[in-house]
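For the sequence shown, the numbering used here assigns the number 31 to the initial residue and increments by one for each residue that follows. Cβ atoms here follow ideal geometry from the backbone N, Cα and C, with glycine treated the same way. Bear in mind that the values here come from a model prediction, so they are computed numbers and not experimental data. Have a look at the structure below before the remarks.
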Amino acid sequence: MTKYIFKPRDFKAFTVDGLDARMEALNDRVRPQLNELGDYFAQYLETVTGEKFYPHVAKHARRKVNPPKDTWVAFATNKRGYKMQPHFQIGLFENQLFVMYGIMHETKDKAQQIKAFEDQFETLKNLPNDYSISPDHMSQEKIYIHEMSDEDLNKALNRVKEVKKGEFFVARTLSPNAEQLESDKVFLNFLEETFEQLLKFYK
């Protein structure tokens, strides 16, 4: 019995039509793993950073009509919420699992918070080839860092300061059929390896 991995059929929860039906599918097929990952990595982050982290599993409670096209567990040091500060996420779209750390448009003092990435520009630029930038957490479209010029990367960083809705996340993704999702052990190793890289930008 596995606790943490998502199987291809779990991703198919996003193909279920209707808000109530999709939420039921997500609650059955996806949320149990998000809860387990939340407990595991809240403890992991506390061990690594020495700070208390809280997991926040998306509830999608404000939705009245449109079913969610993604879902996630976020990690932050604020017990009440995560959007106002840089945070970590593990989540899914229909065709993508993502792990990321960064700044949402609701983050306080975005211009100050983005400095953690600007100050580590060389580290950011030299992340392994499967790391990408997400300028919008609501879209599964991401740009591989190794395909971006220095100018592209600086534009993405500056956008956070210049555009009210500007966001910046460093991400790593998997497809639903990825070999890293074949066992809990392999998946947790992948996630811990990813968090090690993302923590370079955590202050």
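*How long is the line joining the alpha carbons of K138 and A186, rounded to whole angstroms?*
Position 108 of the sequence shown, counting from 1, holds the residue named residue 138. Position 156 of the sequence shown, counting from 1, holds the residue named residue 186. Their backbone Cα atoms lie some 18 Å apart in a straight line.
*For K191, collect the residues of the same chain with a Cβ closer than 7 Å to its Cβ; drop the 5 residues on either side in sequence, then sort them by chain order.*
By one-based count along the sequence shown, residue 191 stands at place 161. So the list reads K140, A141, I144, once near-sequence residues are dropped.
*Got a sec? Which residues, its chain only, sit under 6 Å from E66 by beta carbon, not counting five neighbours each side?*
In the sequence shown, residue 66 corresponds to position 36, counting from 1. Excluding positions up to five away in sequence, the list reads K33, Y34.
*Do you know how far the Cα of E171 is from the Cα of M114?*
Residue 114 sits at position 84 when you count from the first residue of the sequence shown. Residue 171 sits at position 141 when you count from the first residue of the sequence shown. C-alpha separation (whole angstroms): 23 Å.
*The beta strand (DSSP E) with P85 in it runs from where to where?*
Here residue 85 refers to the residue found at position 55 when the sequence shown is read from its first residue. That run of the beta strand (DSSP E) goes 84 to 87.
*Rounded to whole angstroms, how far is the Cβ of M134 from the Cβ of H176, which I believe are closer than 8 Å?*
In the sequence shown, counting from the first residue as 1, residue 134 sits at position 104. In the sequence shown, counting from the first residue as 1, residue 176 sits at position 146. At roughly 24 Å, the Cβ-Cβ gap does not stay under 8 Å, so M134 and H176 are not in contact.
*asked:* Just verifying my parser: in three-state terms, what is the DSSP assignment at I175?
replied: On the sequence shown, residue 175 is found 145 positions in, with the first residue counted as 1. Correct three-state label for I175: helix.
*Output the distance between the C-alpha atoms of F199 and Y174, rounded to the nearest integer angstrom.*
Here residue 199 is taken as the residue at index 169 of the sequence shown, counted from 1. Here residue 174 is taken as the residue at index 144 of the sequence shown, counted from 1. One C-alpha to the other measures close to 12 Å.
*One or two residues paired with S164 in a DSSP bridge*: As a first step, residue 164 is located in the sequence shown; it is residue number 134 there, counting from the start. Looking at the DSSP assignment, S164 forms a beta bridge with F199.
_Nonlocal neighbours in the same chain, by C-beta distance under 8 Å from L154, ignoring five residues either side_ = Counting from one through the sequence shown, the residue named residue 154 turns up at place 124. F147, I175, L183, V200, F231, listed in sequence order.
*N-terminal and C-terminal residue of the alpha helix (DSSP H) that F220 is part of*: The residue you call residue 220 lines up with position 190 of the sequence shown. Unbroken alpha helix (DSSP H) run through F220: 214 to 228.
*Residues of its chain near F217, where Cβ-Cβ distance is below 7 Å and the 5 sequence neighbours each way are ignored*: Counting from one through the sequence shown, the residue named residue 217 turns up at place 187. Excluding sequence neighbours, F217 sits near Y34, I35, Q210, L211.
*So the alpha helix (DSSP H) T77 belongs to, where does it begin and stop?*
Along the sequence shown, one-based indexing puts residue 77 at 47. 61 to 79 is the span of the alpha helix (DSSP H), which, as asked, contains T77.
*May I ask which residues mark the beginning and end of the alpha helix (DSSP H) holding G100?*
To locate residue 100, count along the sequence shown from 1; it is residue 70. Reading off the sequence, residue 100 comes out as Asp, not Gly. Element bounds for D100: not the alpha helix (DSSP H) but the beta strand (DSSP E), 100 to 106.
*asked:* Quick check on this structure: which residue in P98, P116, F151 has the alpha carbon closest to the alpha carbon of S169?
replied: For the purposes of this step, residue 169 is identified with residue 139 of the sequence shown, where counting begins at 1. The residue with the shortest Cα to Cα distance from S169 is P98.
*Among all the DSSP beta bridges, which residues are the ones paired with Y34?*
Within the sequence shown, the letter at position 4 stands for residue 34. Y34 pairs with nothing; no bridge assigned.
*Across which residues does DSSP place M114 in a beta bridge pair?*
As a working mapping, residue 114 is identified with position 84 in the sequence shown. According to DSSP, which records beta bridges pairwise, M114 is partnered with nothing at all.
*What does DSSP give as the partner residues of Y131 in its beta bridges?*
Locating residue 131 in the sequence shown gives position 101, counting from the first residue. Paired residue(s): F118, V200.
*asked:* Looking at W102: is its Cβ nearer than 8 Å to the Cβ of G121?
replied: Stepping through the sequence shown from its first residue, residue 102 is reached at position 72. Stepping through the sequence shown from its first residue, residue 121 is reached at position 91. Their beta carbons are under 8 Å apart, which means W102 touches G121 by this criterion.
*Give the single residue among N207, A51, N125 whose Cα lies nearest to the Cα of K94.*
For this step, residue 94 is matched to residue 64 along the sequence shown. Of the candidates N207, A51, N125, the one whose C-alpha sits nearest the C-alpha of K94 is A51.
_Neighbourhood of E223 by C-beta distance below 7 Å, restricted to the same chain and skipping five residues each side_ = Residue numbering aside, residue 223 sits at position 193 when the sequence shown is read from its first letter. Taken in chain order, the list of residues that qualify is empty.
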